[in-house]
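Chains as they are written, first to last, in the numbering used here: chain E, 180 to 652; chain U, 4 to 481.
A virtual CB, placed ideally from N, CA and C, is assigned to each residue, including glycine.
For reference, the structure discussed in these notes is given below.
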Amino acid sequence: MAHSHLLQSSFIPTAPASLRRRGVCAAPVRQRTHLIQSKIREIFMPALSSTMTEGKIVSWIKSEGDKLSKGESVVVVESDKADMDVESFYDGYLAAIVVDEGLSAAVGSTIALLAETEEEIALAQSQKPSSASVSVPPAANNDAPKAAEEIPTPVAAAATPAVKASVGALGSAVHPASEGGKRVVASPYAKKLAKDFGVDLRGIVGSGPNGRVVAKDVEAAFAAAKLSGGSGGGATVASEAAEAKPSGVELGSVVPFTTMQSAVSRNMVESLGVPTFRVGYTITTDALDALYKKIKSKGVTMTALLAKATALALAKHPVVNSSCRDGKSFTYNSHINIAVAVAIDGGLITPVLQDADKIDIYSLSRKWKELVDKARAKQLQPNEYTTGTFTLSNLGMFGVDRFDAILPPGTGAIMAVGASQPTLVGTKDGRIGLKTQMQVNVTADHRVIYGADLAAFLQTLSKIIEDPKDLTL
Amino acid sequence: MFINTAMFLVRTPNGLKTAIIEGDVVGGTCVNRGCVPSKALLAVSGRMRELQNEHHMKSFGLQVAAAGYDRQGVADHANNLASKIRSNLTNSLKALGVDILTGVGTILGPQTLKYGKGGSGGTAITAKDIIIATGSVPLVPKGIEVDGKSVITSDHALKLEYVPDWIAIVGSGYIGLEFSDVYTALGSEVTFIEALDQLMPGFDPEIGKLAQRVLINPRKIDYHTGVFASKITPAKDGKPVQIELIDAKTKEPKDVLEVDAALIATGRAPFTQGLGLENINVQTQRGFIPVDERMRVIDANGKLVPRLYCIGDANGKMMLAHAASAQGISVVEQVSGKDHVLNHLSIPAACFTHPEISMVGLTEPQAREKAEKEGFEVSVAKTSFKANTKALAENEGEGLAKLIYRPDNGEILGVHIFGLHAADLIHEASNAIAMGTRIQEIKFAVHAHPTLSEVLDELFKSAKVKVTSSPVAEPVSV
Chain E
180 MAHSHLLQSS
190 FIPTAPASLR
200 RRGVCAAPVR
210 QRTHLIQSKI
220 REIFMPALSS
230 TMTEGKIVSW
240 IKSEGDKLSK
250 GESVVVVESD
260 KADMDVESFY
270 DGYLAAIVVD
280 EGLSAAVGST
290 IALLAETEEE
300 IALAQSQKPS
310 SASVSVPPAA
320 NNDAPKAAEE
330 IPTPVAAAAT
340 PAVKASVGAL
350 GSAVHPASEG
360 GKRVVASPYA
370 KKLAKDFGVD
380 LRGIVGSGPN
390 GRVVAKDVEA
400 AFAAAKLSGG
410 SGGGATVASE
420 AAEAKPSGVE
430 LGSVVPFTTM
440 QSAVSRNMVE
450 SLGVPTFRVG
460 YTITTDALDA
470 LYKKIKSKGV
480 TMTALLAKAT
490 ALALAKHPVV
500 NSSCRDGKSF
510 TYNSHINIAV
520 AVAIDGGLIT
530 PVLQDADKID
540 IYSLSRKWKE
550 LVDKARAKQL
560 QPNEYTTGTF
570 TLSNLGMFGV
580 DRFDAILPPG
590 TGAIMAVGAS
600 QPTLVGTKDG
610 RIGLKTQMQV
620 NVTADHRVIY
630 GADLAAFLQT
640 LSKIIEDPKD
650 LTL
Chain U
4 MFINTAMFLV
14 RTPNGLKTAI
24 IEGDVVGGTC
34 VNRGCVPSKA
44 LLAVSGRMRE
54 LQNEHHMKSF
64 GLQVAAAGYD
74 RQGVADHANN
84 LASKIRSNLT
94 NSLKALGVDI
104 LTGVGTILGP
114 QTLKYGKGGS
124 GGTAITAKDI
134 IIATGSVPLV
144 PKGIEVDGKS
154 VITSDHALKL
164 EYVPDWIAIV
174 GSGYIGLEFS
184 DVYTALGSEV
194 TFIEALDQLM
204 PGFDPEIGKL
214 AQRVLINPRK
224 IDYHTGVFAS
234 KITPAKDGKP
244 VQIELIDAKT
254 KEPKDVLEVD
264 AALIATGRAP
274 FTQGLGLENI
284 NVQTQRGFIP
294 VDERMRVIDA
304 NGKLVPRLYC
314 IGDANGKMML
324 AHAASAQGIS
334 VVEQVSGKDH
344 VLNHLSIPAA
354 CFTHPEISMV
364 GLTEPQAREK
374 AEKEGFEVSV
384 AKTSFKANTK
394 ALAENEGEGL
404 AKLIYRPDNG
414 EILGVHIFGL
424 HAADLIHEAS
434 NAIAMGTRIQ
444 EIKFAVHAHP
454 TLSEVLDELF
464 KSAKVKVTSS
474 PVAEPVSV
């Protein structure tokens, strides 16, 4: 739902154009010719009882773009006592929904914007605060690559033929009764999904009886539309919508940090007070990749494998798992908790795999999946993301070969992992060979971890990864 | 006496010699084509919906593997139930000494009738009192062609011969609503076609809105209101069912739907043809037999036909099985020498969707209209099932109970419930209305905890009545 306005705008080609027009010269002219200034009004979360402090939106009765009359029910709000219909106080159009269904807002806060005329709908939408801090990230497949190691390229490849097919079929709905594409025959659920996803039914080829558009056709079109943004093939389909990247960025605007972004910023600034140094290492991953292939079917992920390997290496080098809390002592942690950096919509979080050295790889993988789901749903508890003793950050899925990470405060070291790539190497016996190698780079606090400690740790880690039989113990 | 729906017959131990003339199957619509099979199907759909609601199951900590159904098994459950009840009923009747005469009944004159294959033949009999209870059949508006396969009525639907992918239901009253519950639970998508501007027009509007939010919006159902289906052509040669929609007011063509099946649920028409009513000078009004408040039949001159009664759907007063039953009991009382007038406002009604809807008495608009005319104040009390422990334990907090009452004397004007077991909960309220119990008396009654009945307890306790009950019988305001 959070992206619905974007998808909608891509199918109403006039919307961006009117925005452009308005920006240039329409505004001043308007004010002179119209006596009454049209306004964008806010719809507030009402106090439905004397004890209510916040309310949850149960459902929006009207959708963005719908006409509203004064006294008409717009939204259903759940108070501490019961569900109540909230009416609109003005005539106009529901221009933008600020708080979506299922989310809560404080009494008095803005939950939607009402535009008095249809033209102002687009203006109101631009006023809508982007990425509200309470928004639930859509279950979009664009988050998947960043969170888990499972590379989505096979998925994208499979989707592109589908995209081309749906783009080609645009406007030529093969339906005997549709009278050459004028009338759409779609099942009730298909219509509902199309409305929720903001997909135009006219462009969808129906696979139901007599060419009827059914729910799965709409779902396929939606999935294709989301991915086609980057494929470049779809001229009309969502090409103006953002590519599969965090969208909602208004160029030239100033957007304040969300709570999470403020926390990240604070931590990064704090890290400037710590004396750090970096040590890099190249590790051959052929054996690890082979192991991964073997146990992948059991639900094991690469992240879990790396975390386990790191934890086992840390067990042999406890000083790398220590931190300097007060500037004058070593705090040797009793647990090895590997925090893995995960990018989520609008931020970054580090779910923690506790006791990674002690837990077997299968439980670790399961736990990791659980943590990722919770992270995406913004439901991680503090003890699930603040208790890390060593951090792992992986940008390998983007093809990054090496980078160095900033040390999170309160820990001693963070390891930045790059992509594993086939590399030409010279072997000891003077031959040339091909090995899959990845570069890791550890940033450490030199108050507690010295060069030799770190180098020794990396040597151990490299041995574990190159001979990974211990990982499955 | 001759009766066709035998629902209440088992309750006539007054020593009257009784016979039933049955032209079809014992039990009539209720047992064979109505209440019984539909509730069987709704029981299936309720469970199916629960099992498929993964989110709901998860909230209990349950995991259910993909739930599926066998259509024949479901249909058999309904059919077997109907057969069982039919044979139970027949046996009960026999045990009571009731004669079951098979054939079509025709009235020849006061206290005389015949039964047989219809037409000129048949056996003539006399009876001291005659009760007409011939019931109703599904109403099929003109322009609609029913073929029993792709365009069906509730009679066919209850046999559940197949489950269509997409079914249009013409009529959004309780029959259409119950069927939408069954079909969507079994995997179909539904489109409602409603002539009035509001869906579920018979319900209290507030309940209707909530019902729409829970029973229609989240399900695979869409709707067209303010339209008539002027023409429905059954599916033929691979072409789907065609439904032509016209605007209900302007009669202009609005749309054409193509669906896999259409269910006609536009109401029921009284079955009063061929009863020989002309022999006693009785004229039907839109098919209904005119009766007074004591169910006595009124002839074309406005005079009561002696010893002739009509109960149930055939008289159109309240087309519900238990209303027919109550009317029948009222008649039996009268025939046995005791006067009795049935208070229809105390008869509850229920819709067995999931969650259920039930009501007794007046809706809020009806109550306010009456209040304006008669000059009294109307108040409304509401509670949510969210506040009820049992409902929350079942994760079924979605529900509303509404009490419409007179604050000056505590009279209950109407109660409407939407929520889990609403159909069972309504009886406390309907009993109160039947006995004339006032809110100030009933609010001290104790309800077991934790039960859903506490929803009603809350309602009564939250009502603000200006009169308090006293141990001495209070003067009854007339």
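Taking residue i as the query, report the chain U residues whose CB atoms sit under 8 Å from its CB, ordered along the chain.
i               : result
K371 of chain E : K223 and D225
S283 of chain E : Simply none; closest approach about 16 Å.
V255 of chain E : R216
Is the beta carbon of residue i less than 8 Å from the beta carbon of residue j?
i               : j               : result
R297 of chain U : Q245 of chain U : no
A268 of chain U : F355 of chain U : no
T622 of chain E : A598 of chain E : no
G190 of chain U : L202 of chain U : no
A2 of chain U   : V383 of chain U : Look at the range of chain U in this structure, 4 to 481, and you will see that residue 2 of chain U is not part of it.
I462 of chain E : S242 of chain E : no
I236 of chain E : A274 of chain E : no
A394 of chain E : L372 of chain E : yes
I445 of chain U : A435 of chain U : yes
Q533 of chain E : N512 of chain E : no
V47 of chain U  : A85 of chain U  : no
V253 of chain E : S267 of chain E : yes
V458 of chain E : L637 of chain E : yes
A264 of chain U : L163 of chain U : no
T156 of chain U : V149 of chain U : yes
G630 of chain E : F509 of chain E : no
I328 of chain U : T386 of chain U : A small correction: the amino acid at residue 328 of chain U is Ser; Ile does not occupy that position in the sequence shown. Taking 8 Å as the Cβ cut-off, S328 of chain U and T386 of chain U do not qualify as a contacting pair.
Y272 of chain E : K249 of chain E : no
Between residue i and chain E, is the shortest Cβ-Cβ distance under 8 Å, so that the two count as touching?
i               : result
D263 of chain U : yes
E57 of chain U  : no
R216 of chain U : yes
R237 of chain U : First, the residue type needs correcting, since residue 237 of chain U is Pro and not Arg in the sequence shown. Output row for P237 of chain U: interface = no.
P243 of chain U : yes
L163 of chain U : no
Would you please verify whether the beta carbon of residue i is less than 8 Å from any beta carbon of chain A?
i               : result
E192 of chain U : The structure shown contains no chain A; the protein chains it does contain are E and U.
Considering Cα atoms alone, identify which of the options is closest to residue i.
i               : options                           : result
A127 of chain U : U:L116, U:A272 and U:T137         : U:L116
D559 of chain U : U:E431, U:R371 and U:T440         : The question about residue 559 of chain U has no answer, for chain U in this structure spans 4 to 481.
H496 of chain E : E:A592, E:L467 and E:P454         : E:A592
L455 of chain U : U:E414, U:A390 and U:L45          : U:A390
T21 of chain U  : U:S433, U:D132 and U:A171         : U:D132
S544 of chain E : E:G478, E:S502 and E:D536         : E:G478
E233 of chain E : E:V256, E:I240, E:E251 and E:S248 : E:V256
Q440 of chain E : E:A522, E:T489 and E:D465         : E:A522
A198 of chain U : U:L180, U:E414 and U:G229         : U:G229
T464 of chain E : E:Q616, E:A631 and E:F569         : E:Q616
L44 of chain U  : U:A70, U:A78, U:D302 and U:H59    : U:A78
G506 of chain E : E:V627, E:D262, E:T639 and E:A556 : E:V627
F569 of chain E : E:D608, E:L633 and E:D539         : E:L633
D158 of chain U : U:G146, U:W169 and U:G179         : U:G179
A426 of chain U : U:A188, U:R310, U:A404 and U:R441 : U:A404
D73 of chain U  : U:G125, U:I134 and U:A188         : U:A188
Any C-beta of chain U sitting closer than 8 Å to the C-beta of residue i?
i               : result
S366 of chain E : yes
P530 of chain E : no
S288 of chain E : no
S238 of chain E : yes
V363 of chain E : no
H213 of chain E : Unreliable positioning characterises H213 of chain E in this predicted model, as indicated by a pLDDT of 43, which lies under 50. The coordinate reading is nonetheless provided below. Not closer than 8 Å to any Cβ of chain U, the Cβ of H213 of chain E fails to qualify, so no.
Can you determine whether any heavy atom of the ligand PLP sits closer than 7 Å to the C-beta of residue i, and answer yes or no?
i               : result
K241 of chain E : By its list of ligands, the structure shown contains no ligand whatsoever, and the ligand PLP lies outside what it can speak to.
Where the segment 575 to 601 of chain E meets chain U: residues whose CB sits under 7 Å from a CB there: Residues of the segment 575 to 601 of chain E with a C-beta atom less than 7 Å from some C-beta of chain U do not occur.
Residues in the segment 369 to 401 of chain E having any Cβ partner in chain U nearer than 9 Å: So the list reads A369, K370, K371, G387, P388, N389, R391, V393 and A394, given in the order they occur along the chain.
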